[in-house]
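Reviewing the structure listed below.
Number of protein chains: 2
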Amino acid sequence: MDRSYLFHALNQKVRQLKKELDDKLQVHDLYYAQWTILYTLSRKGSITQTELWKYLQVEAPTITRTLTRMEEKGWIVRTPGRDKRERLVALTEEALAKLPRIKETIDDTEQQFVTSLSEEEQQKLYHLLEKLGTSKE
Amino acid sequence: MDRSYLFHALNQKVRQLKKELDDKLQVHDLYYAQWTILYTLSRKGSITQTELWKYLQVEAPTITRTLTRMEEKGWIVRTPGRDKRERLVALTEEALAKLPRIKETIDDTEQQFVTSLSEEEQQKLYHLLEKLGTSKE
DNA sequence: TGTATTTATTTACCTAGGTAAATAATTTGG
DNA sequence: CCAAATTATTTACCTAGGTAAATAAATACA
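Chains A and B supply the protein sequences, listed in that same order.
Each residue of the first sequence is one higher than the one before, counting from 1 in full-length UniProt numbering.
Each residue of the second sequence is one higher than the one before, counting from 1 in full-length UniProt numbering.
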């Protein structure tokens, strides 16, 4: 087997899944990338933007942009932190109220995507993914 | 284990890998998405844009855009097909000449990413990925 | 034959992710 | 104490991917 197939397959599956998730999330007027922020805030509470992008492993400008859109849509609010440079991000009441329904949508979609794998296979896949790319530099 | 972790891990790894590939491909003035087109054309020869996007499983506008950039950079040429609606895409001589060196870069990067997995684990991972999402609707 | 439908590609507009550089505020050190 | 370095965020500019709608050409068919 050519190694290239592995990465090609990885790419294809992730794109396919994201498309599916974005599609299902449409009824909530949300994107998957925004969901990851929503979910993170729901578990961590009010945190700074830097904490957010470091946790989600994306770059700072990505978070700036997405938070701006989410603020316009009323999902989050940004309040000044103690340090005048930083901004604290928090979920709005509305976001908190809508969250359970959205989580259901996510769970359903992911469940559907994964039914072809046994519980054991899911574990194995997760395990292999975690190992991937861990011996660089 | 929460199922969400699986998809989160999938996303993270793919983003990380793509970033790595884009970074390494920079010396060739190429992006990974463009590489997939280059590689496809090198194996399939001159094909229409529709054949391309169907094969790569992206939408038509994505291919239109990326081909435009690649044409400007001299990687490909678009010639009229028999049917006046369609356009045939082919690699340029320069692209063909550069391809082996680029393939080396890809192989090296992917190899590096995968060294933490045994040959068997790579097979297993590929197998599990292929099964993912195959039982929908 | 001539209209209606389908097909191939493009255009316009959206989100996500990246890098480099700008800004503003805070820390560090001489 | 003040200049230099660091830190948090943003802005400008790039690629990739998506959908909806516009074109233009080919096909179907009544």
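Cβ coordinates follow ideal geometry from the N, Cα and C atoms, glycine included.
Predicted, not measured: the structure shown is a model, and the values here were computed from it.
Along chain A, which residues have their Cβ under 7 Å away from the Cβ of THR134(B)?
SER116
With distances taken from CA atoms, which of GLY45(A), ALA97(A) and PRO80(A) is nearest residue 139(A)?
The first residue shown for chain A is 1 and the last is 137, placing residue 139(A) beyond what the model contains.
What three-state label does DSSP hand ARG69(B) in the structure shown?
helix
Would you check whether the ligand HEM has a heavy atom nearer than 7 Å to the C-beta of LEU56(B)?
This structure lacks the ligand HEM; in fact it carries no ligand of any kind.
Beta-carbon gap between GLN57(B) and GLN112(A) smaller than 8 Å:
no
Run through DSSP, which three-state label would VAL114(B) get?
helix
Which class does VAL58(B) belong to by DSSP, given the choice of helix, strand or coil?
coil
Indicate whether the contact test is met: 3 or more Cβ pairs, each with one atom in the segment 102-122 of chain A and one in the segment 76-90 of chain A, closer than 8 Å.
no
With the cut-off set at 8 Å, would you say THR66(A) and GLN26(A) are in Cβ contact?
no
Starting from the Cα of HIS8(B), find the closest Cα among ALA9(A), SER4(A) and VAL14(A) and give me that residue.
Checking every option, the nearest Cα to that of HIS8(B) belongs to VAL14(A).
Pick helix, strand or coil for LEU10(A), following the three-state DSSP scheme.
helix
Residues near VAL77(A) by beta carbon distance below 7 Å, same chain, minus five either side:
GLU71, ALA90 and THR92
Cβ shell of GLN123(B) (< 8 Å), same chain only, five flanking positions each side left out
Cβ within range, chain order: n/a, list empty.
Could you give the distance in angstroms between the alpha-carbon of THR40(B) and the alpha-carbon of HIS127(B)?
THR40(B) and HIS127(B): Cα-Cα distance of roughly 22 Å.
In three-state DSSP terms, what is residue 146(B)?
Nothing can be reported for residue 146(B): it is not among the residues displayed for chain B, which extend from 1 to 137.
Give me the subset of the segment 55-85 of chain A whose CB atoms are less than 9 Å from a CB atom of chain B, sorted by chain position.
So the list reads LEU56, GLN57 and VAL58, given in the order they occur along the chain.
Could you check if THR115(A) is buried or exposed, using at least 16 other CB atoms within 10 Å of its CB as the buried criterion?
exposed
Simplified DSSP state of ARG82(B), which is helix, strand or coil
Here DSSP, grouped into helix, strand and coil, assigns ARG82(B) to coil.
Would you list, in chain order, the members of the segment 90-114 of chain B that have their beta-carbon closer than 8 Å to a beta-carbon of chain A?
ILE106, ASP107, GLU110, GLN111, GLN112, PHE113 and VAL114
According to a CB-to-CB cut-off of less than 9 Å, which residues of the segment 3-21 of chain B neighbour chain A?
Result list: ARG3, SER4, TYR5, LEU6, PHE7, HIS8, ALA9, LEU10, ASN11, GLN12, LYS13, VAL14, ARG15, GLN16, LEU17, LYS18, GLU20 and LEU21.
Any idea what DSSP makes of residue 170(B), helix, strand or coil?
No answer is possible for residue 170(B): the residues shown for chain B start at 1 and end at 137.
Once you ignore the five residues that flank GLU130(A) on each side, which residues in its own chain have a CB closer than 8 Å to its CB?
The answer is none, since no qualifying residue turns up.
Hey, TYR32(B) and LYS18(B): beta-carbon distance below 8 Å or not?
yes
For a contact defined as C-beta to C-beta under 8 Å, what are the partners of LEU129(B) on chain A?
LEU6, ALA9, LEU10, LYS13 and LEU125
Which residue or residues does DSSP assign as beta-bridge partners of ILE47(A)?
VAL89(A)
Can you list, in chain order, the residues of its chain with a C-beta nearer than 6 Å to that of LYS136(B)? Leave out the 5 residues immediately preceding and following it.
Low per-residue confidence applies at LYS136(B): pLDDT is 46, beneath 50, and the placement is therefore not dependable, though the value from the model is reported in the following sentence. Result list for LYS136(B): empty, nothing under 6 Å.
Would LEU99(A) and SER42(A) be called neighbours here (beta carbons separated by less than 8 Å)?
yes
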